[in-house]
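Here is the structure we will look at.
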Amino acid sequence: MQAHGQGSAQRTMGFTAISYERREGQGVITLKPHSGQAERLANLHYELGQLAEEVAWDRKLRVMLLTSSKPGGFCFGPGTPGWQENDGKGRWALAERIARFDKPVVAVLEGDVFAQGLEMALACDVRIAAQKCRFSMPQVAAGLMPFDGGSQRLP
Numbered sequence: 027m028q029a030h031g032q033g034s035a036q037r038t039m040g041f042t043a044i045s046y047e048r049r050e051g052q053g054v055i056t057l058k059p060h061s062g063q064a065e066r067l068a069n070l071h072y073e074l075g076q077l078a079e080e081v082a083w084d085r086k087l088r089v090m091l092l093t094s095s096k097p098g099g100f101c102f103g104p105g106t107p108g109w110q111e112n113d114g115k116g117r118w119a120l121a122e123r124i125a126r127f128d129k130p131v132v133a134v135l136e137g138d139v140f141a142q143g144l145e146m147a148l149a150c151d152v153r154i155a156a157q158k159c160r161f162s163m164p165q166v167a168a169g170l171m172p173f174d175g176g177s178q179r180l181p
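Going by this note's numbering, the sequence shown opens with residue 27, and the numbers climb by one from there.
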């Protein structure tokens, strides 16, 4: 599934953690590469919420695609600072933000889908994965519970 194409209109809306484009009834959310620092995670949380509020009013929009601009991976993974840290304020509840979209959300997955990236993918209504995708919740091996709904959303 091709997330980007000719004639698509890029809309940044001042976003720093995501980019958003809309075309022919579909919205494409692309997660931008980040360092996993607390400020970037907070921006991602905020921007997903802002976008969900905006697209709720768009009656011509039928589906959302969630993808990543990071080659070989989808969002977070082990060794990324901040992936295992929950601040207790819900700022890292990124999967919950995705689950609250009132449009169906399709995760377009390539490469490694680990940790909170997997939790975000599980929050989508449909997941389409490349043949070479790898999925993992390394939190469990580290003695931590997935805190963003990952264990509850596993099929």
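Every residue, glycine too, gets a C-beta built ideally from N, C-alpha and C.
Here the structure is a predicted model, which is why all the values come from computation and not from measurement.
Starting from the C-beta of residue i, find all residues in its chain whose C-beta is less than 7 Å away, skip the five residues before and the five after it, and write them out in chain order.
i      : result
ALA125 : ALA149
ALA147 : PHE100, ALA133, LEU135, VAL139, ARG153
PRO104 : With a pLDDT of 46 at PRO104, under the threshold of 50, the modelled position of that residue is not reliable, and no figure is offered here.
LEU120 : LEU70, HIS71, LEU74, GLN142, MET146, ASP174
LYS158 : none
Just reading off the beta strand (DSSP E) that residue i is part of, what are its end residues?
i      : result
GLY53  : 52-57
MET146 : Element bounds for MET146: not the beta strand (DSSP E) but the alpha helix (DSSP H), 141-149.
PHE100 : PHE100 -> no beta strand (DSSP E), and no H or E assigned at all.
Per DSSP, what kind of secondary structure is residue i in: helix, strand or coil?
i      : result
ALA155 : strand
ARG85  : coil
LEU180 : coil
ALA168 : coil
ALA78  : helix
ALA68  : helix
ALA121 : helix
Tell me residue i's beta-bridge partners as DSSP assigns them.
i      : result
MET90  : GLY53, VAL131
ASP174 : Note: ASP174 sits in no beta bridge, so no partner.
ARG160 : ASP138
Once the 5 residues before and after residue i are set aside, which same chain residues still bring their CB inside 8 Å of it?
i      : result
MET90  : GLN52, GLY53, VAL54, ILE55, VAL81, PHE127, LYS129, PRO130, VAL131, VAL132
LEU180 : LEU148
Along the alpha helix (DSSP H) that carries residue i, what are the first and last residues, could you check?
i      : result
ARG126 : It is not in any alpha helix (DSSP H) - ARG126 carries neither H nor E in the DSSP assignment.
Tell me which residues share the same chain as residue i and place their Cβ nearer than 6 Å to its Cβ, disregarding the 5 neighbours each side in the sequence.
i      : result
LEU74  : ARG123
PHE161 : VAL139, LEU144
Would you mind sorting residue i into buried or exposed? The rule is 16 or more other CB atoms within 10 Å of its CB.
i      : result
GLY169 : exposed
SER94  : buried
LYS86  : exposed
TRP109 : Note on TRP109: pLDDT 49, under 50, position unreliable in the model; the coordinate value appears next. Buried, since its Cβ has 16 or more Cβ neighbours within 10 Å.
ALA156 : exposed
ALA167 : exposed
GLY40  : exposed
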